[in-house]
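Written out below as structure tokens is the structure these notes cover.
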Amino acid sequence: MLRRLIVNADDFGFTRDVNEGIVSCHREGILTSTTLMATGLAFRHAVELAKANPSLDIGCHLVLVQGLGLPADVPALIQAILLRQINLLTVLRGQLEIVFKAGIRPTHLDTHKHTHLIPAVLDAVLRVSEEYGIRHIRKPADFHRDRSAPLATQAISACMGIALHSFDGKLERAHAQRTDHFTGFQLTGRMTPQNLAATLAALPEGTTELMCHPGLLGGELPLANTRLKQSRVDEWRALRSPLARHALNERGIQLITYREL
Numbered sequence: 009m010l011r012r013l014i015v016n017a018d019d020f021g022f023t024r025d026v027n028e029g030i031v032s033c034h035r036e037g038i039l040t041s042t043t044l045m046a047t048g049l050a051f052r053h054a055v056e057l058a059k060a061n062p063s064l065d066i067g068c069h070l071v072l073v074q075g076l077g078l079p080a081d082v083p084a085l086i087q088a089i090l091l092r093q094i095n096l097l098t099v100l101r102g103q104l105e106i107v108f109k110a111g112i113r114p115t116h117l118d119t120h121k122h123t124h125l126i127p128a129v130l131d132a133v134l135r136v137s138e139e140y141g142i143r144h145i146r147k148p149a150d151f152h153r154d155r156s157a158p159l160a161t162q163a164i165s166a167c168m169g170i171a172l173h174s175f176d177g178k179l180e181r182a183h184a185q186r187t188d189h190f191t192g193f194q195l196t197g198r199m200t201p202q203n204l205a206a207t208l209a210a211l212p213e214g215t216t217e218l219m220c221h222p223g224l225l226g227g228e229l230p231l232a233n234t235r236l237k238q239s240r241v242d243e244w245r246a247l248r249s250p251l252a253r254h255a256l257n258e259r260g261i262q263l264i265t266y267r268e269l
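First residue of the sequence shown? That's 9 in this note's numbering, and the numbers climb one at a time after it.
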């Protein structure tokens with residue numbers, strides 16, 4: 009069976025230097041896809057770059073935390089859901105409308121901070137997936153345990169895997185599509201050419217999505233509200249490295265996009 013890989017950058021539209029880093033990794037590296045933030049300060053810039061680079065597959069990065077008028081973090085989002093302080097469908101539809109009105113037709117959906125692992129959020133995502141005809145949804149749990157990752161990261165990854173038991177069933181009942189496997193969570197903030205190549209070498213048969221967060225440290229990212237700053241540059245280097253390309257060739261891994269699924 010073939011090994012096929014979608015390399016997807018989150019946070020397209022976050023800042024202009026993140027946008028430039030993502031496009032650079034597509035043009036000069038192994039990145040095939042990205043997900044666009046309708047709430048991003050550099051959304052318009054990202055749309056311009058998307059239209060100038062039609063081979064870059066575009067999805068939508070749905071944001072329910074850390075945005076204007078949104079809960080600050082995942083626990084606050086769960087509380088807001090329980091107290092009915094947030095209308096998930098209204099928020100998600102609003103973001104998709106922004107993307108569609110900009111002339112972008114997304115091929116896939118994921119969520120900032122993987123909030124669609126929360127059952128109520130997944131229900132809302134599946135609803136808008138059907139309404140807008142976007143049938144591919146990220147399956148967010150690493151296929152393997154990276155023992156070089158911090159123990160806390162390994163533990164969170166394991167919990168995400170447990171949450172997938174009900175997740176997969178819901179996607180099947182909704183006839184939504186996803187890749188066979190996922191990776192990249194345990195590499196976030198610590199990607200190097202070496203550990204990226206090791207991850208690629210361990211890819212299982214089937215289709216895998218590799219999540220990444222490349223970017224450049226220009227004038228905007230250093231001032232942005234994110235812990236991922238220098239690490240985005242590290243990922244930018246890793247995704248453009250000869251070592252990553254060699255690992256793909258060595259294993260016969262085919263780079264694809266969600267459009268090709």
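Each residue gets a CB set at the ideal place from its N, CA and C atoms; glycine is no exception.
Item                                                                                                          : Value
Test item: CB-CB of Ala-184 and Leu-134 under 8 Å                                                             : yes
Alpha helix (DSSP H) runs contained entirely in the stretch 194-260, provided each spans 4 or more residues   : 201-209, 238-247 and 250-259
Beta carbon of Ile-3 nearer than 8 Å to that of Leu-263                                                       : The chain is shown only over 9 to 269; residue 3 falls outside these bounds and no answer can be derived.
Supposed close pair Ile-30, Thr-42 - CB separation, criterion 8 Å                                             : 5 Å
Where Gly-67 sits in the DSSP three-state scheme                                                              : strand
Local Cβ density within 10 Å of His-152, reported as buried at 16 or more and exposed below that              : exposed
Residue nearest to Gly-67 in terms of C-alpha spacing, selected from Ser-249, Phe-175 and His-144             : His-144
Val-6 vs Leu-44 beta-carbon contact at 8 Å                                                                    : What the structure shows of the chain is the stretch from 9 to 269, and residue 6 is not part of that stretch, so it cannot be assessed.
One or two residues paired with Asp-118 in a DSSP bridge                                                      : His-69
Residue interval of the alpha helix (DSSP H) (run including His-34)                                           : 24-36
Candidates Val-241, Leu-179 and Ala-182, of which the one nearest Gly-197 by Cα                               : Val-241
Cβ neighbours of Thr-23 in the same chain (closer than 6 Å, five flanking residues each side left out)        : Ala-50, Glu-228, Leu-229 and Ala-232
Three-way DSSP call (helix, strand, coil) for His-152 in this model                                           : coil
Beta-carbon proximity check, Ala-128 vs Leu-96, cutoff 8 Å                                                    : yes
For Asp-19 and Thr-234, the rounded distance between their alpha carbons                                      : 11 Å
Pairwise C-alpha distance: Leu-236 and Asp-25                                                                 : 13 Å
Alpha carbon of Ala-54 to alpha carbon of Asn-27, nearest angstrom                                            : 6 Å
Buried/exposed call for Lys-109, threshold 16 Cβ in 10 Å                                                      : exposed
Asn-257, buried or exposed, once every other Cβ within 10 Å from all chains shown has been counted against 16 : exposed
N-terminal and C-terminal residue of the beta strand (DSSP E) that Ala-17 is part of                          : 11-20
Proximity below 8 Å, CB of Leu-13 to CB of Leu-251                                                            : no
Reference Cys-220, options Leu-78, Leu-247 and Gly-21, closest by Cα                                          : Leu-247
Proximity winner among Ile-142, Ser-174 and Asn-203, relative to Thr-191 (alpha-carbon distances)             : Asn-203
First through last residue of the beta strand (DSSP E) which encompasses Thr-42                               : 41-44
Residues near Val-73 by beta carbon distance below 8 Å, same chain, minus five either side                    : Pro-79, Ala-80, Asp-81, Val-82, Ala-84, Leu-85, His-120, Lys-121 and Thr-123
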